[in-house]
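Asker: For reference, the structure I am asking about is given below.
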Amino acid sequence: MENSAKMEECKKIFQDEEASVVSKTELSININEIECSDGKDTDSVQESTPKKGKIEFQSDPEVKTASCGEGTPSNTRKLDNEIIPEKRAAAGDEESISRTRKLETDDPKDDTSSCGDGTPAKKRKLEGEDVPVKRKHLEEGHGSTVAAHYNELQEVGLEKRSQSRIFYLRNFNNWMKSVLIGEFLEKVRQKKKSDITVLDLGCGKGGDLLKWKKGRISKLVCTDIADVSIQQCQQRYADMKNHCRDHEYIFSAEFVTADSSKELLTNKFRDPEMSFDICSCQFVYHYSFETYEQADMMLRNACEKLCPGGYFIGTTPNSFELIKRLEASETESFGNEVYTVRFQKKGEYPLFGCKYDFNLEGVVDVPEFLVYFPLLIEMAKKYNMKLVYKKTFLEFYEEKIKNIENKVLLKRMQALEPYPANENSKLASGNLRDYEHAAKYMKNSQVRLPLGTLSKSEWEATSIYLVFAFEKLP
């Protein structure tokens with residue numbers, strides 16, 4: 001009865017609410033410097049009030065999606081070519097890429113290096129690429145489907161990993177996470193100098209372990225629904241610890257296998273009274289929006305044990321971008337050679353349980369659920385949380401790339417594809433139309449080569465996401 005009352009309250013909250021999301025359509029990228037173009041084009045999508053527990057979206061006929069994908073309006077990108085001198089960046093500046101989880105790229109378990117800062121990598125230091133085995137049917141339950149999918153991901157060789165069609169996309173997404181995590185670790189340090197504790201909610205195989213190491217946190221708790229992923233995360237941490245030099249610092253860690261949308265995590269912690277300064281939830285939270293109860297439990301696990309002034313940060317699909325693309329499609333699906341999104345039907349988008357199937361080029365193939373963000377904001381108030389930051393991936397990129405350390409980090413993480421390819425390599429996409437924006441700029445401008453870019457297909461895939469941060473109020 002209590003949950004039913006809360007659900008009805010959620011519905012009433014949004015009967016008169018109207019929100020708008022602004023998404024820019026121009027992006028400038030270069031392998032040495034990334035600079036936004038001068039264009040002033042700004043499009044908005046009116047997010048109208050959900051009635052009777054459903055989300056209703058009003059379409060703007062002039063709206064353009066924030067991507068360069070085929071069939072999607074996009075302004076010309078400017079590719080600048082200023083040389084960035086090699087210099088050491090801030091924490092997390094030297095992250096190579098390892099296994100992938102939920103449209104992200106992960107940090108490596110580098111068995112040849114220490115846990116120290118190191119030097120910029122000259123070659124890709126990669127681990128095996130994840131390849132999904134056949135997905136289990138939904139009848140087994142969504143949680144078990146997700147767990148089975150990630151448990152059954154198989155690793156292949158280094159060479160195949162480096163040849164992945166989405167190698168640069170995954171690196172770019174990992175850069176986004178690195179910048180987000182680094183920024184909010186710094187905000188925490190402004191409030192406390194030591195003993196920083198982090199909850200990694202949906203940690204996967206431990207792709208962010210190196211970020212937390214370089215962020216010099218004190219304690220990390222890693223949780224995930226997939227027990228195989230937790231085992232691999234724990235092994236990666238052990239390897240990282242074993243390769244530390246004498247007296248070199250590394251945080252302590254514990255590992256918990258649990259469905260954070262259905263189980264209370266504090267019951268599984270070694271210290272149930274433990275509190276956190278940051279909860280990081282990267283490319284995971286949308287799995288919980290199957291029901292109100294699951295979304296609320298995930299929020300409780302993320303926020304209830306945060307210290308006052310602590311942060312809940314993450315990345316998740318932008319529901320309004322997804323629906324905008326769906327409504328523009330002639331069918332119930334959209335996408336390109338890199339990703340596909342398939343809904344059951346158009347026109348009805350319930351607040352919870354609005355399922356779609358998401359596939360990312362050989363890496364992700366599981367059902368997901370729309371996260372109506374204004375509803376998430378309201379639900380978070382129950383745990384004394386206030387939204388303090390929210391940007392689309394494009395907006396976040398344009399804002400953060402102005403920082404020189406972030407530019408250097410982008411280059412070191414190989415988050416942009418060199419264009420044109422040199423004589424010893426080939427482009428990630430065999431479709432020349434994927435690079436029309438780069439070719440056009442080269443033709444009309446005097447620039448030093450190579451440029452740095454992502455293919456149009458990759459831009460379209462990554463621009464469905466947003467970053468967010470909530471702060472725990474006193």
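Quick note on the UniProt record's numbering: the sequence shown kicks off at 1 and runs consecutively. Beta carbons are placed, not taken as given, at the ideal position from N, Cα and C, and that holds for glycine. Remember, it's a predicted structure, so these values are computed and weren't measured experimentally.
Helix, strand or coil, according to DSSP, for R412 in the structure here?
Answerer: Correct three-state label for R412: helix.
Asker: Measure the C-alpha to C-alpha separation of Q232 and F269 and round it to an integer number of angstroms.
Answerer: Approximately 19 angstroms, taken between the alpha carbons.
Asker: Could you check whether L466 and N336 sit closer than 8 angstroms to each other, using their CB atoms as the reference points?
Answerer: Taking 8 angstroms as the Cβ cut-off, N336 and L466 do not qualify as a contacting pair.
Asker: Helix, strand or coil, according to DSSP, for D239 in the structure here?
Answerer: Three-state DSSP puts D239 in a helix.
Asker: Per the DSSP calculation, A253 is bridged to which residue(s)?
Answerer: In the DSSP output, where bridge partners are listed per residue, A253 has L220.
Asker: Let's see if you can read the secondary structure: which residues bound the alpha helix (DSSP H) around C303?
Answerer: Unbroken alpha helix (DSSP H) run through C303: Y292 to C303.
Asker: Given a cut-off of 8 angstroms on the beta-carbon distance, is the pair G452 and E417 in contact?
Answerer: Cβ atoms of G452 and E417: closer than 8 angstroms.
Asker: Below 8 angstroms between beta carbons: does that hold for A226 and Y237?
Answerer: Contact: no.
Asker: Helix, strand or coil: which one does DSSP assign to A328?
Answerer: Three-state result, A328: helix.
Asker: What residue range is occupied by the uninterrupted alpha helix (DSSP H) comprising N171?
Answerer: Looking at the DSSP string, the run of the alpha helix (DSSP H) that includes N171 is F167 to R189.
Asker: What did DSSP end up calling Y311 once you bin it into helix, strand or coil?
Answerer: Strand.
Asker: Shortest alpha-carbon distance to K381 belongs to which of K211, R300 and Q282?
Answerer: It is R300 whose Cα lies nearest to the Cα of K381.
Asker: From F352, N406 and I323, pick the residue whose C-alpha is nearest to that of T291; which is it?
Answerer: Comparing Cα-Cα distances from T291 to each of F352, N406 and I323, the minimum goes to F352.
Asker: Expressed to the nearest angstrom, what Euclidean distance is found between the alpha-carbon atoms of D296 and F470?
Answerer: So the two alpha carbons sit approximately 15 angstroms from each other.
Asker: Per the DSSP calculation, residue 475 is bridged to which residue(s)?
Answerer: Because residue 475 is not part of the residues shown, which for the chain are 1 to 474, the question remains open.
Asker: With the cut-off set at 8 angstroms, would you say S280 and C307 are in Cβ contact?
Answerer: No.
Asker: Taking only three categories from DSSP, how would you classify P374?
Answerer: DSSP places P374 in helix when its eight states are reduced to three.
Asker: Suppose you measure from the CA of E436 to the CA of E458; what does that come to, to the nearest Å?
Answerer: If I take the Cα positions, the gap works out to 13 angstroms.
Asker: If you check the beta carbons only, do A428 and R170 fall under 8 angstroms apart?
Answerer: No, the Cβ-Cβ distance between A428 and R170 is not below 8 angstroms.
Asker: By how many angstroms is the C-alpha of M379 removed from the C-alpha of P474?
Answerer: Each residue's alpha carbon lies about 18 angstroms from the other.
Asker: In chain order, what residues of the same chain have a beta carbon less than 6 angstroms from the beta carbon of T316, not counting five sequence neighbours either side?
Answerer: These residues qualify, in order along the chain: Y285, H286 and V371.
Asker: At which residues does the alpha helix (DSSP H) containing K214 begin and terminate?
Answerer: That run of the alpha helix (DSSP H) goes L209 to K214.
Asker: Would you check if the segment 253–263 and the segment 180–188 touch, i.e. whether three or more CB-CB distances between them fall below 8 angstroms?
Answerer: Contact between the segment 180–188 and the segment 253–263 is absent, because fewer than three Cβ pairs lie under 8 angstroms.
Asker: Can you tell me which of the three DSSP states S260 falls into?
Answerer: Of the three classes helix, strand and coil, the one that applies to S260 here is coil, per DSSP.
Asker: Whole angstroms is fine: what's the gap from R245's alpha carbon to F251's?
Answerer: Rounded to the nearest angstrom, the two C-alpha atoms are 14 angstroms apart.
Asker: Hey, Y339 and E368 are a contact pair by Cβ (cut 8 angstroms); roughly how many whole angstroms apart?
Answerer: With 8 angstroms as the limit, Y339 and E368 do not qualify as a contact, their Cβ atoms being about 12 angstroms apart.
Asker: What do you get for Y397, buried or exposed, if any count of 16 or more other CB atoms within 10 angstroms of its CB means buried?
Answerer: By the 10 Å Cβ count, Y397 comes out buried.
Asker: Using the three-state DSSP reduction, which class does Q234 fall into: helix, strand or coil?
Answerer: Q234 falls in the helix class under three-state DSSP.
Asker: If you follow the alpha helix (DSSP H) that T197 is part of, which residue opens it and which one closes it?
Answerer: Note, T197: premise wrong, no alpha helix (DSSP H); beta strand (DSSP E) at T197 to L201.
Asker: Can you look up E273 in the DSSP assignment and give me helix, strand or coil?
Answerer: Coil, per DSSP.
Asker: Give me whichever residues DSSP pairs with E417 in a beta bridge.
Answerer: T453, per the DSSP bridge assignment.
Asker: Tell me the DSSP secondary structure of V284 in three-state form.
Answerer: Correct three-state label for V284: coil.
Asker: Which one or two residues does DSSP pair with A469 in a beta bridge?
Answerer: I313 and Y389.
Asker: By how many angstroms is the C-alpha of K426 removed from the C-alpha of S455?
Answerer: If you take the alpha carbons of S455 and K426, they lie about 13 angstroms apart.
Asker: So is E330 buried or exposed if we call it buried at 16+ other beta carbons inside 10 Å?
Answerer: Exposed, because fewer than 16 other Cβ atoms sit within 10 Å of the Cβ of E330.
Asker: Applying the 10 Å Cβ sphere with the 16-neighbour rule, what's the burial state of I464?
Answerer: The residue in question, I464, is buried, as its Cβ has 16 or more Cβ neighbours within 10 Å.
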